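Residue numbers (our numbering): 46 to 287. The next block holds one structure in the form of structure tokens; read it before the comments.
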Amino acid sequence: MGADPCFLDLKGTGDGYEDITYQPSTKRWYCLIEAAETKSGAYMPCIDEFDESFVFIRSYWLDFPLKAGNKGFEGLSTVHHSGNDYLLGLCEGNDCKSGSAGAHPGNGRIQVFTLKAEMGEHVGTIKLPETVCYKDYASLDCSNGCLTVISQASSALWIGRVRAQSAGFEDLFKDDGQCFLFPRDDKGRIMYCNMEGMAWLGDDRLVVVSDKGKADQPDAVSVKTSRSTSSHYHLIMIPVHD
46 MGADPCFLDL
56 KGTGDGYEDI
66 TYQPSTKRWY
76 CLIEAAETKS
86 GAYMPCIDEF
96 DESFVFIRSY
106 WLDFPLKAGN
116 KGFEGLSTVH
126 HSGNDYLLGL
136 CEGNDCKSGS
146 AGAHPGNGRI
156 QVFTLKAEMG
166 EHVGTIKLPE
176 TVCYKDYASL
186 DCSNGCLTVI
196 SQASSALWIG
206 RVRAQSAGFE
216 DLFKDDGQCF
226 LFPRDDKGRI
236 MYCNMEGMAW
246 LGDDRLVVVS
256 DKGKADQPDA
266 VSVKTSRSTS
276 SHYHLIMIPV
286 HD
């Protein structure tokens with residue numbers, strides 16, 4: 046499965062990162078800062094760029110103003126589509142909103158950027174199908190011709206098949222995709238409550254990382270999350286790719 050896990054002390058601008066992605070064409074790692082305050086006082090997501098050895102290169106603002114500093118982008122991925130490389134930023138709330146408005150299911154949004162000079166230029170929006178009725182969105186991955194999104198609050202996963210060629214981002218998916226629930230207990234209660242990141246390992250193996258468990262969560266989920274300061278990783282088999 047590759048090299049052994051190791052701890053990286055990244056010398057970037059962020060105190061912590063929400064997600065990480067790799068772009069093969071540029072051999073660059075990109076780390077996501079959910080939202081940061083600009084000199085003008087506005088909040089925007091930010092990207093730290095690293096080389097293959099995780100040496101810091103530069104930072105980019107993603108040109109997408111946010112209304113709150115604690116509700117921004119939760120997921121990051123790259124995609125090569127129709128001959129171009131794009132950076133994808135997944136909004137945490139539905140319709141990219143915070144609070145109760147962002148919890149209204151059926152309005153998942155992914156913002157699309159190209160990196161130019163010191164700014165990530167916003168070039169489009171990908172709307173998830175309305176059938177993806179999740180309360181929030183925690184991470185995404187684009188690989189093997191599919192775009193995958195997970196929800197922490199709904200403890201669920203969606204997979205959409207991407208067209209090789211399309212008229213635009215509004216015509217990106219072949220169909221409404223497939224929705225999956227992460228395992229529930231024998232009473233139907235959520236067992237995976239704190240999922241923060243994920244990535245595909247091949248065609249049918251998905252690795253998911255969970256955040257630290259919360260004190261008010263039921264004991265039923267304690268074995269699926271971490272009660273300490275460290276995170277847990279879970280390997281899940283999902284035979285969905287043809």
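Where a beta carbon is used, it is the ideal one built from N, C-alpha and C, also for glycine. What you are looking at is a predicted structure, and each value in this text was computed from that prediction instead of being measured.
Given this structure, state the Cα-to-Cα distance separating residue i from residue j, to the nearest angstrom.
i    : j    : result
D256 : R73  : 25 Å
T274 : L135 : At T274, the pLDDT of 43 sits below 50, so the modelled position is not reliable and the matter cannot be decided from this model.
S200 : L226 : 6 Å
H149 : N139 : 6 Å
K161 : G151 : 32 Å
I102 : C238 : 35 Å
I204 : S127 : 20 Å
E97  : G233 : 43 Å
Y88  : H167 : 15 Å
A212 : L111 : 28 Å
R229 : I235 : 5 Å
G61  : F99  : 15 Å
A209 : T193 : 16 Å
S85  : L55  : 27 Å
G247 : V124 : 17 Å
T170 : C191 : 17 Å
S104 : D249 : 34 Å
S267 : M243 : In this prediction, S267 has a pLDDT of 47, which is less than 50 and means its spatial position is unreliable; nothing more can be read from the coordinates.
Y75  : D231 : 40 Å
I155 : G57  : 24 Å
G147 : C178 : 12 Å
K172 : C51  : 36 Å
T71  : F95  : 11 Å
T66  : A198 : 23 Å
T159 : L202 : 26 Å
D49  : E137 : 31 Å
R206 : D186 : 12 Å
The alpha helix (DSSP H) that contains residue i, what's its start and end?
i    : result
A146 : 144–147
Beta-carbon separation of residue i and residue j under 8 Å?
i    : j    : result
L133 : V157 : yes
D130 : Q68  : yes
S184 : E119 : yes
G59  : D93  : yes
E241 : V252 : no
G153 : Y182 : yes
S196 : K180 : yes
M164 : W245 : no
T176 : C224 : yes
E82  : P90  : no
D64  : L53  : no
P174 : D221 : yes
In the DSSP assignment, find the beta strand (DSSP E) that holds residue i and state where it starts and stops.
i    : result
N129 : 129–136
D60  : Neither: D60 is in no beta strand (DSSP E) and is coded neither H nor E.
Per DSSP, which one or two residues make a beta bridge with residue i?
i    : result
Y67  : W74
C178 : Paired residue(s): none; C178 is not in a bridge.
D158 : In the sequence on display, residue 158 carries Phe and not Asp. Beta-bridge pairing links F158 to L132, H167.
C187 : L192
Cβ-heavy atom distance between residue i and the ligand ZN below 7 Å?
i    : result
G242 : Although the ligand ZN was asked about, the structure shown includes no ligands whatsoever.
Can you check the stretch 73–122 for any beta strand (DSSP E) of at least 3 residues that lies completely inside it and give the ranges in chain order?
73–82, 88–95, 101–107
Run through the stretch 190–272 for me and flag every whole alpha helix (DSSP H) of 4 or more residues, listed as ranges in chain order.
none
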